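With this note's numbering applied, the sequence shown closes on residue 188, and no number is skipped along the way.
Here the structure comes first, spelled out in structure tokens, and everything after it is commentary.
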Amino acid sequence: NASLDACGDWIKLPNGHPDPISTGYPTGRLCQNLIVDFEDIRFDICVNDKTFKIRRKWIVRDGCTGEQRQEIQTITVMDNEAPEVIAPADFTVATSDHLCVGNVNVPVPQVNDCIQWDYTIAYKPVDDSDDPYTDASTVGVIKIEPRKYVINGLPEGFTKYWISYYIFDGCGNTTQTYTTAMIMDDK
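Shown next, in the form of structure tokens:
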């Protein structure tokens, strides 16, 4: 049974299924009179169009005797790789009138993944833990459109916040990264 990487460079049939060149043909004692054919049934695995399982039924017929033999091959096309991510550069946020911290438009990370992906965010004040993820908060985090977040009203009294990104793809592979937002009091 063959297993292929959804992001890999394998040969595809016109319907997107793996070509037998990439997954193998029946082997054994073959002669000129044999007719080899196959039928595929596809089962989607993840939330996307690139990961699936194929149940390939091979049919081998003897052209002279009419005898036929069938074998099943299972082919899995799966994404097992976490998304590759580049965190946004650290950035500065100016405060709003009469507010120590206003709304923070959160920059979008650069993500490379061959299947659908999305992300969530959280934040916490920079501290001595060197850990931007543990005890990070989502209070005031608003998703304003796909892949775009605003944090409404960061807690007052801090000048730096870690913004944590939790990136996930349609197969459940995850990556996390962070950036730092610096608060600039321009009043």
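Here a beta-carbon is modelled for each residue, glycine too, at the ideal position from N, C-alpha and C.
Keep in mind that this is a model prediction, so the values were computed, not measured.
Once you ignore the five residues that flank residue i on each side, which residues in its own chain have a CB closer than 7 Å to its CB?
i	result
E82	C8 and N174
T178	V86, A88, P110 and Y166
K149	V109
V107	I122, Y150, V151, I152 and I164
C65	N34
I145	V151
Closest to residue i by C-alpha separation, out of the options, would be which residue?
i	options	result
R56	Q71, Q69, I42 and R62	I42
A137	T180, L5, P108 and W11	T180
D38	L14, I60 and K13	I60
S4	E40, D80 and I145	D80
T24	I36, N2 and N16	N2
T52	P15, I168, D6 and I36	D6
Spatial neighbours of residue i within its chain, please: CB distance less than 6 Å, with the 5 preceding and 5 following residues excluded, ordered by chain position.
i	result
D170	P84, D114, I116 and W118
V94	V105, A182 and I184
T139	A123
D186	T96
D36	Here residue 36 is Ile; the residue named in the question, Asp, does not match the sequence. Only R62 and G64 meet the Cβ criterion.
N16	none
Y26	none
Taking the alpha-carbon positions, what's the residue i to residue j distance?
i	j	result
C32	D63	9 Å
T28	V112	42 Å
T96	E157	11 Å
T176	N34	53 Å
R30	C172	40 Å
D128	Y134	11 Å
D131	D91	16 Å
I143	I168	16 Å
F44	W11	19 Å
For my contact list, residue i and residue j are in at a C-beta cut-off of 8 Å; report their separation, rounded to the angstrom.
i	j	result
P21	K13	Their Cβ separation, rounded to whole angstroms, is 11 Å, which puts P21 and K13 out of contact at 8 Å.
E40	K54	Incorrect: roughly 15 Å between the Cβ atoms, too far for contact.
Below 8 Å CB to CB, which residues in the same chain sit around residue i once its five sequence neighbours on both sides are set aside?
i	result
P147	D119
- Query: At a cut of 8 Å, does the stretch 46 to 64 reach the stretch 108 to 119 through at least three beta carbon pairs?
  - Reply: The answer is yes - the stretch 108 to 119 touches the stretch 46 to 64, with three or more Cβ pairs under 8 Å.
- Taking contact to mean at least 3 C-beta pairs separated by less than 8 Å, is the stretch 68 to 76 in contact with the stretch 121 to 128? For the pair of segments examined, the stretch 68 to 76 was found not to touch the stretch 121 to 128: the number of CB pairs separated by less than 8 Å stays below three.
- Inter-stretch contact (C-beta, 8 Å, three-pair minimum) for the stretch 66 to 73 and the stretch 154 to 162: With the cut-off at 8 Å, the stretch 66 to 73 and the stretch 154 to 162 do not touch.
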